Each structure stands twice: as structure tokens, then as C-alpha cells.
Amino acid sequence: MNTRMRGRQKAAALAALLLMSCLNASAAGGSIERGRYLAKIGGCNDCHTPGYGLSGGQVPEAQWLVGDQLGWNGPWGTTYPSNLRLFFQKVSESEWLKMARERQLRPPMPWFALRDMSDEDLSSLYRFIRTLGPAGELAPAYLPAGVEPKGPAIRFPQPPK
Ligand code: HEC
30 MNTRMRGRQK AAALAALLLM SCLNASAAGG SIERGRYLAK IGGCNDCHTP
80 GYGLSGGQVP EAQWLVGDQL GWNGPWGTTY PSNLRLFFQK VSESEWLKMA
130 RERQLRPPMP WFALRDMSDE DLSSLYRFIR TLGPAGELAP AYLPAGVEPK
180 GPAIRFPQPP K
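With my numbering, the residue at position 81 of the sequence shown is 110, and numbering never jumps.
Shown next as C-alpha cells:
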């Protein structure tokens with residue numbers, strides 16, 4: 030291959046890369062301010078921030094979305110609201126957009142609310158929570174049905190035996 034062709038190939042590759050990064054950046058384009066608003070009104074704090082509901086939303090933002098040790102127990106087993114401050118450090122924005130549309134989580138996580146959000150709102154949530162930075166510990170692991178949770182848990186009715 031001669032040098033001129035190699036140069037042209039390089040230029041084409043560069044142009045493709047540039048185009049891809051532009052598409053990526055403009056794909057969702059959420060804002061941090063809207064993400065903060067959505068976390069408040071979309072219920073994310075209600076489950077993912079310890080004490081948020083009981084204090085009437087008085088938890089300082091620095092402690093938001095760190096996950097909870099309080100389990101939700103029902104026919105699905107016991108689930109714990111994940112630490113979203115750690116979770117969002119691990120995924121890219123485009124992975125998050127794909128995941129939010131496709132992943133079905135266990136109750137009582139309203140995964141269908143994420144599925145039905147606009148790309149812009151998902152992107153806003155992502156940018157806001159990521160900006161808060163990592164904090165806290167991982168939430169306890171999911172327990173399958175029949176395994177008794179050791180810590181406190183909110184009980185949903187079990188199906189009749
Ligand atoms: C009624 C309680 C509740 C509400 C409200 C709620 N979540 Fe959750 N969320 C959970 C629980 C419980 C889990 C764990 C589900 C599981 O184990 O399958 C979870 C899991 C998740 C996960 C998966 C994280 C991981 O580690 O894989 C994400 C992302 C998430 N929630 C985001 C949100 C966002 C964003 C909102 C607000 C729009 C929200 N949640 C509102 C309870 C809730």
C-alpha cells in the first residue's frame with residue numbers, strides 16, 4: 030500500500046470516529062438539573078435513599094441513592110434497593126440507555142418506569158447520579174424465595190399455600 034492511500038484510510042477512519050462521537054454525544058443530551066428533579070419526583074430516592082420517605086425528603090443530597098439495607102420480601106424473595114452511586118460509576122451512558130429499556134428487575138423496582146422514560150430523561154438521571162460520585166457500600170445481595178432475610182424487611186403478602 031502506498032503512503033497516500035494509507036493517509037486517506039487514516040483520514041476516513043478519523044472522520045468515522047468523529048461522527049460516532051458526535052452521534053453519541055447528541056443521542057440523549059440530558060441535563061444534571063433535570064436529573065436531580067427526576068430523582069426527586071420519580072421516586073428513586075423513596076427506595077434507594079435510606080430514611081428519605083420517613084424524613085419527608087430531608088436527606089442531604091450528598092447521601093442520596095446509596096442503596097438500602099432494608100429488604101423487600103415477597104413471593105419473589107428478598108430484594109434490596111441497589112447502591113446507585115456505585116452502580117452508575119460502572120456503566121457508560123449508552124450502556125445505561127440500552128439497559129434501562131431491556132432489563133426487567135425484581136419487585137418492587139419499577140423497571141417499567143425506566144423503560145418508558147425518554148432518552149433525554151434517562152440521560153439526565155445518569156448525568157446527575159454520576160456527578161454525585163461514588164459513596165456508601167453495596168446493598169445486600171438478593172435472597173431467593175424461601176430464604177429468611179437476617180435484617181429488617183418490608184413484607185408483602187405471600188401467595189396462599
Ligand atoms: C419501590 C422501590 C423502588 C423505587 C421507587 C425505585 N427503585 Fe430502583 N430498585 C429497587 C430494588 C428493590 C432494586 C433491586 C432489584 C433486584 O434485585 O432485581 C432496584 C434496582 C435498581 C437498579 C439496578 C441496579 C443494579 O445494581 O443492577 C437501577 C439502575 C435502579 N433500581 C434505578 C432506579 C431509578 C433510576 C429509580 C427512579 C426512577 C428507581 N430505581 C426507583 C427499588 C426501587
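C-beta atoms are modelled at their ideal positions from N, C-alpha and C, and glycine is treated no differently.
Quantities reported herein were computed from a predicted structural model and do not represent experimental measurements.
Who's in the neighbourhood of ligand 1, going by beta-carbon under 7 angstroms from any heavy atom, listed in chain order?
-> L67, A68, G71, G72, C73, D75, C76, H77, W101, T108, Y109, P110, S111, L113, F116, L134, R135, P137, M138, P139, A142, L143, L154, Y171
Continuous alpha helix (DSSP H) stretch holding G64: start and end = Reading the sequence shown from its first residue, position 35 is the one you call residue 64. Looking at the DSSP string, the run of the alpha helix (DSSP H) that includes G64 is 61–70.
Check A174 in the structure and name its three-state DSSP category.
-> Your numbering for residue 174 matches position 145 in the sequence shown. Coil, per DSSP.
Can you name, in chain order, every residue of its own chain whose Cβ lies under 7 angstroms from the Cβ of Y81, other than the five neighbours on each side?
-> Stepping through the sequence shown from its first residue, residue 81 is reached at position 52. These residues qualify, in order along the chain: N74, D75, V88.
Cα-Cα separation, Q133 to D145 | By one-based count along the sequence shown, residue 133 stands at place 104. By one-based count along the sequence shown, residue 145 stands at place 116. So the two alpha carbons sit approximately 12 angstroms from each other.
Member of S84, Y66, I61, S111 whose CA lies at the smallest distance from the CA of E166 | By one-based count along the sequence shown, residue 166 stands at place 137. When only C-alpha atoms are compared, the closest one is S111.
Go ahead and label P79 buried or exposed: buried means 16 or more other beta carbons lie within 10 angstroms of its beta carbon, across all protein chains shown.
-> In the sequence shown, residue 79 corresponds to position 50, counting from 1. By the 10 Å Cβ count, P79 comes out buried.
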